[in-house]
Every structure is written in structure tokens, then in C-alpha cells.
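In what follows, a single structure is set out as C-alpha cells and then discussed.
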Amino acid sequence: MVSVPTEVQAWLAERGESEVLSLDPVGGGCIHWASRLRTAAGGSYFLKTNPAPAEGIFYAEATGLKALQVTGGPAVPVVLLVGEMFLLLADLQPAPRREGFWEIYGRQLAHLHLQGSPRFGFQEDNFIGSNLQLNGWMENGLDFFREKRLAPQIRWAKDQGLLRSADLQLCEALLSRLGEILPDQPAVLLHGDLWSGNLITDSKGNPALIDPAVYYGWAEADLAMTDLFGRYPDLFYAAYTEVNSLQSGFRERYSLYNLYHLLNHLNLFGRSYLPSVRETLAKYA
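Its first residue numbered 41, the sequence shown is counted upward by one per residue in the working numbering.
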């Protein structure tokens, strides 16, 4: 049963909202318990809790949300309080999507992707789902994608016995020829986990992003996940490219970027993702 952490109770009391009126479950996640907390004083908050979380996972999420607070970018929930076993956020109070939602979101995400860095990575490791996402800083984008994204997931899948020797040979072949497939691109600020469930709305129906796995990487890699579990409409891409141009053939490279997420899902959820991993390996290796 979900309860309000002591630190959150104290935080509310300091603001004259000590009486919790309701704590209602919010669906959609599979890692933490999510609830909408309402107080008798009229406050509404979003509370995520976990009695046994991966160490630092809530702090990493808080850091990512703060990094995404970019002028002109999508809305993100404001971090109010964070602890080892909880994260308290301002309640976005999602409303139905407003008119022109996809065009607005396309321009906003493009603005986010205009936030550049001279290096690839992030100031600290964070999480992709409940798996560790390795960061650090690297000068070369190909090296970063190879060594910090694909190689660790391949190694973890090997250690779990999820990949056979033939699969591993294809992985090695792919890692060796990434430079033949992927163009040179700058490092920009990414959400990092842009599947459809992490795109919601704020109280006015504007686009809002949650549950980030932030780092500085290739914009194409962020966009690729918008095609993994569903597909964004062409309206979105037309608006995006008004602000931030994309190199030709970007959609043809999506499945290679998404190999990282498929391997992550393989490691998290098991062999049901193996056919998709093998299909991608066969395509590129």
C-alpha cells in the first residue's frame, strides 16, 4: 500500500497543507508507484514512490527533469522534493490535446535539440527504465554510441544468456562498422526515452515530457524512438524541421538507434524482444 513519505508530510506541513485529502493511483508506469496527492488546502501533486528502488534512480530523474527545463521546449513537471525512495513533482494536470498539438510539439522538441554540448554524454550516469544508463563524457559520438550505449547492453544480454554466439558475432560486426552507416552529428540535449508513454499534456493541453533518460547525443537517436512503439504524424516532422534541419535519410537510420532500446527491453523483459534485435542485427551487420 502506498503511503506518504515522512519527508513529504513535513514538506506539506511547512506549506500549510498537512491534511492529505486523497492519494489516488495513476497508471502507466511499471517501475514505481505513482499517485496524485491532493490536500484539503487545495494542493495537487504527483508522487512517485518505491520501497526498494535502484540506488539513485529518483535523484537521476530529478536531475534530468531540471535539465529539460529549456526555454521554448516542451513542458516538464517541476521537481519539488526528492529522496532515495520518492520523488514529488508539481502536478501537470493533463488536459486533452489542444489544437495544433503535433506542430507545437515538433517545434518545441526541435528547440530542445538546439541545446548543444562540445562533448557527448552527461555529468552522471542515470537510468533507462530500471537499467543503468552509462554516461560520462566523450569527444566522439560514434565512440559514445558504441561504448556507452550498444556495448554495455550487448554485454549484459550475453551475461544473461540471451544472445547466442551467432548473435554476438553480428553484434561485433555491427560495432565495427557504425562509422560506415551513421553520419557525423553534433551533441545536443536529448530526452533519451521518447516512447509515446512519456509524452503527455499539461493543464492547457500543451505537450509535456516525463520520465527522462537525459544525455547529450544525436538528435536522430532521440527522434528514432518516436517510431519504435507507434509513429509520429508527418505534421510533427514538418514543424520540427522548420526549427532544426535533419540530414537526408534520417528515418532509414532509426532502427539502428533503436537497437539500443530493443536490447534494453531484452535485458529488462526477456526473450520476446529477441526477434526484433536479430532483425536489426541482420539488417545492418
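Beta carbons are placed, not taken as given, at the ideal position from N, Cα and C, and that holds for glycine. Computed from a predicted model, the values in this text were never measured in an experiment.
Chain-order list of residues whose beta-carbon lies under 8 Å from that of residue i (same chain, five-residue window excluded)
i: Leu120; result: Trp51, Tyr85, Leu128, Leu129, Ala130
i: Ala135; result: Thr241, Asp242, Ser243, Lys244, Gly245
i: His153; result: Val228, Leu229, Leu230, Ala259, Asp262, Asn284
DSSP state of residue i mapped onto helix, strand, coil
i: Val122; result: strand
i: Ser170; result: coil
i: Trp235; result: coil
i: Thr79; result: strand
i: Ala197; result: helix
i: Leu129; result: strand
i: Ala115; result: strand
i: Ala325; result: coil
i: Pro93; result: coil
i: Pro223; result: coil
i: Phe184; result: helix
i: Ser43; result: coil
i: Pro315; result: helix
i: Leu286; result: coil
i: Leu268; result: coil
i: Glu260; result: helix
i: Pro136; result: coil
Own chain partners of residue i with C-beta closer than 6 Å, once the 5 adjacent residues on each side are dropped
i: Gly176; result: Gly161
i: Arg133; result: A small fix is needed here, since residue 133 is Gln in this sequence, not Arg. Cβ within range, chain order: Ser243.
i: Ser157; result: Ala227, Tyr256
i: Ile71; result: Ser170
Endpoints, beta strand (DSSP E) assigned at residue i
i: Lys88; result: 84-89
i: Gly104; result: Looking at the DSSP string, Gly104 is not in any beta strand (DSSP E); the run it does join, the alpha helix (DSSP H), is 97-107.
i: Val228; result: 227-230
i: Gly257; result: 255-257
According to DSSP, residues forming a beta bridge with residue i
i: Met327; result: Here the chain comprises residues numbered 41 to 325, so residue 327 is not present and cannot be evaluated.
i: Ile30; result: Outside the modelled stretch of the chain, which goes from 41 to 325, sits residue 30, for which no answer is possible.
i: Ala74; result: Lys88
Proximal residues to residue i (C-beta, below 7 Å), its chain only, five neighbours per side dropped
i: Leu266; result: One detail in the question is off: residue 266 reads as Thr in this sequence, not Leu. Leu234, Tyr272, listed in sequence order.
i: Asn246; result: Ala115, Arg138, Ile144
i: Leu214; result: Leu321, Tyr324, Ala325
i: Leu63; result: Val42, Val44, Ser75, Leu77
i: Phe269; result: Trp235, Ser236
i: Leu172; result: Asp165
i: Tyr294; result: Ala264, Asp267
i: Ala80; result: Glu59, Leu61
i: Val66; result: Ala74, Ser75, Arg76
i: Tyr313; result: Leu302, His305, Leu306
i: Gly219; result: Leu182
i: Leu174; result: Asp165, Lys188, Pro192
Where the alpha helix (DSSP H) containing residue i begins and where it ends
i: Asp64; result: Not the alpha helix (DSSP H): Asp64 falls in the beta strand (DSSP E), residues 60-65.
i: Leu214; result: 205-216
i: Leu374; result: A query on residue 374 cannot be resolved here, the shown segment of the chain reaching from 41 to 325 and no further.
i: Thr46; result: 46-54
i: Arg147; result: 141-152
i: Leu308; result: 294-309
i: Asp274; result: 274-283
Residue i beta carbon near the ligand GDP (any heavy atom closer than 7 Å)
i: His151; result: For the ligand GDP, the structure offers nothing, since it holds no ligand at all.
For the structure I just gave you, are there three or more beta carbon pairs, one from the stretch 264-283 and one from the stretch 141-156, closer than 8 Å?
yes
Validate contact between the stretch 188-202 and the stretch 221-235 using beta carbons, cut 8 Å, 3 pairs:
no
Whether or not the stretch 96-103 and the stretch 48-64 are in contact is what I'm after, with contact meaning three or more pairs of Cβ atoms, one per stretch, closer than 8 Å; do they touch?
no
On the three-pair Cβ rule with 8 Å, is the stretch 298-313 touching the stretch 158-174?
yes
Decide if the stretch 278-296 is in contact with the stretch 247-257; the criterion is three or more beta carbon pairs, one per stretch, under 8 Å apart.
no
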